[in-house]
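Participant: First the structure, which I've put down as structure tokens, then a few questions once you've had a look.
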Amino acid sequence: MILGLWALVLEPSSVTTNRTAIELSHWHKEHNGLKVAVLSDLHVGSPHLGLVKLQQIVKQTNAEAPDLIVLLGDYVIHGVVGGRFVELEAIAATLKDLQAPLGVVAILGNHDWWYDGEQVRAALQQVNIRVLENEIMQIQHAGRSFWLVGLADLWTRTPDIQSSLQKITDNNPAIVLTHSPDVFPDIPERVTLTLAGHTHGGQVNLPLVGRPVVPSKFGQRYAAGHIIEQGRHLFVSTGIGTSIIPVRFRVPPEIVILTLSSRET
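Numbering (our numbering), first residue to last: 8 to 272.
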């Protein structure tokens with residue numbers, strides 16, 4: 008009874024702030040301490056996450072004073088038990104209040120395209136949230152620059168890593184935004200950091216067993232958190248909303264605040 012209450016009500020209705028520091032080998036020292044807020048898989052309309060809760064999430068994110076905010080897709084819901092669809096325009100109107108001096112940048116996820124990707128894009132751009140799909144964006148800060156590379160969704164579109172990176176005109180650091188982490192094995196060393204969502208961290212993480220269900224062909228390999236493979240960095244957010252079954256156990260909804268710095272060599 009207590010575990011059921013925790014998994015179905017208490018944990019899914021909570022929102023933690025996950026503050027993580029990451030040292031990167033290809034990062035400007037002038038950008039040391041730069042804070043990136045990551046919001047993923049909002050699924051507004053899932054149980055415990057309506058517009059009022061979204062307003063609280065926006066305030067909680069702004070209170071961290073991030074330099075940059077990235078949104079990693081899946082703003083709407085499909086078939087969540089106990090969920091109630093929330094209009095995109097209302098979601099975008101709430102996200103409009105996110106504040107960061109370097110801007111708010113988004114990509115779209117599979118649920119957005121299953122609904123209407125072009126409508127999702129338009130609603131976000133209407134409130135000055137830049138949406139990238141196989142596109143790049145240069146960020147200027149403290150006299151230096153870095154790049155954001157937003158990839159198309161893996162499940163519903165065609166992420167084009169190579170041509171997107173070819174659009175970068177210099178050797179400044181590049182951060183890739185992708186909804187699904189399953190593209191990570193194909194991300195070249197040239198990329199400084201890859202940010203992803205989609206997995207929800209499996210929503211359930213059982214002691215000894217781990218995460219029984221992770222929507223990734225790699226199983227638990229890219230389920231959550233900071234992963235380093237062959238010197239390449241990936242961070243996967245467990246997201247905020249829920250999908251299909253509104254349950255979370257030992258995988259709390261999270262606002263991620265990444266503090267980036269250069270590794271001393």
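Positions of the beta carbon are idealized from the N, C-alpha and C atoms, including for glycine.
Treat the numbers as computed from the prediction; the structure is a model and nothing was measured.
#1: May I ask you to report which of helix, strand or coil DSSP gives H33?
#2: Rank Q106, Q210, V183 and E140 by C-alpha distance to the C-alpha of R257 and give the top, closest one.
#3: Going by DSSP, which residues form a beta bridge with S152?
#4: Indicate whether the contact test is met: 3 or more Cβ pairs, each with one atom in the segment 228-242 and one in the segment 56-69, closer than 8 Å.
#5: If we ignore side chains and look at the alpha-carbon of each, how far apart do T272 and D81 end up?
#6: Alpha carbon to alpha carbon, how far is R26 from T68?
#7: Comparing alpha-carbon positions, which option in G248, W162, D167 and R270 lies nearest V88?
#8: Mark P54 as exposed unless 16 or more other C-beta atoms lie within 10 angstroms of its C-beta, in which case mark it buried.
#9: At what residue ranges does the segment 186-238 contain a whole run of the beta strand (DSSP E), taking only runs of 3 or more?
#10: Cα separation between P214 and Q145?
#11: Taking only the alpha-carbon atoms, compute the straight-line gap between Q237 and A28 and give it to the nearest angstrom.
#12: Please tell me whether A203 and P188 are closer than 9 Å, where the distance is taken between their beta carbons.
#13: Figure out for me which residue from A70, K224 and V254 has the closest Cα to the Cα of G246.
#14: Between the Cα of I264 and the Cα atoms of K36, S21 and G40, which residue gives the shortest distance?
#15: Below 6 Å CB to CB, which residues in the same chain sit around G52 once its five sequence neighbours on both sides are set aside?
#16: Between which residues of its own chain and R167 is the CB-CB distance below 8 Å, once the five residues before and five after are set aside?
#17: Would L241 and L31 qualify as a contact pair, given that the criterion is a beta-carbon distance under 9 Å?
#18: Which of the three DSSP states is assigned to S268 in this structure?
Facilitator: Let's see:
#1: Within the sequence shown, the letter at position 26 stands for residue 33. Reduced to three states, the DSSP call for H33 is coil.
#2: Locating residue 257 in the sequence shown gives position 250, counting from the first residue. Nearest option by C-alpha distance: Q210.
#3: Here residue 152 is taken as the residue at index 145 of the sequence shown, counted from 1. According to DSSP, S152 bridges with Q147.
#4: no
#5: Sequence index remark: in the sequence shown, residue 272 carries index 265 (1-based). Sequence index remark: in the sequence shown, residue 81 carries index 74 (1-based). Low per-residue confidence applies at T272: pLDDT is 49, beneath 50, and the placement is therefore not dependable, though the value from the model is reported in the following sentence. Going by the C-alpha atoms only, they are around 38 Å apart.
#6: What you label residue 26 is simply residue 19 of the sequence shown in a count that begins at 1. What you label residue 68 is simply residue 61 of the sequence shown in a count that begins at 1. So the alpha carbons of these two residues sit roughly 11 Å apart.
#7: Position 81 of the sequence shown, counted from the first residue, corresponds to residue 88. The option with the nearest alpha carbon to V88 is G248.
#8: Walking along the sequence shown from the start, residue 54 turns up at place 47. Buried, by the Cβ-count rule.
#9: 200-203 and 232-236
#10: The sequence position of residue 214 within the sequence shown is 207, counting from 1. The sequence position of residue 145 within the sequence shown is 138, counting from 1. Answer to the nearest angstrom: the Cα atoms are 43 Å apart.
#11: Along the sequence shown, read from residue 1 onward, the residue named residue 237 stands at position 230. Along the sequence shown, read from residue 1 onward, the residue named residue 28 stands at position 21. Roughly 19 Å separates the two Cα atoms.
#12: As a working note, residue 203 is residue 196 in the sequence shown. As a working note, residue 188 is residue 181 in the sequence shown. Yes. Within cutoff.
#13: Translated into the one-based positions of the sequence shown, residue 246 becomes position 239. For the residues A70, K224 and V254, the minimum Cα distance to G246 belongs to V254.
#14: The count along the sequence shown starts at 1 and reaches residue 264 at position 257. Among K36, S21 and G40, the Cα nearest to that of I264 is on G40.
#15: Locating residue 52 in the sequence shown gives position 45, counting from the first residue. Result list for G52: I84, G90, R91, F92 and V93, in chain order.
#16: One-based indexing of the sequence shown puts residue 167 at position 160. Checking the displayed sequence, the identity of residue 167 turns out to be Asp instead of Arg. The residues are N141, L158 and A159.
#17: Your numbering for residue 241 matches position 234 in the sequence shown. Your numbering for residue 31 matches position 24 in the sequence shown. Going by C-beta atoms, L241 is not nearer than 9 Å to L31.
#18: Translated into positions along the sequence shown, residue 268 becomes position 261. Strand.
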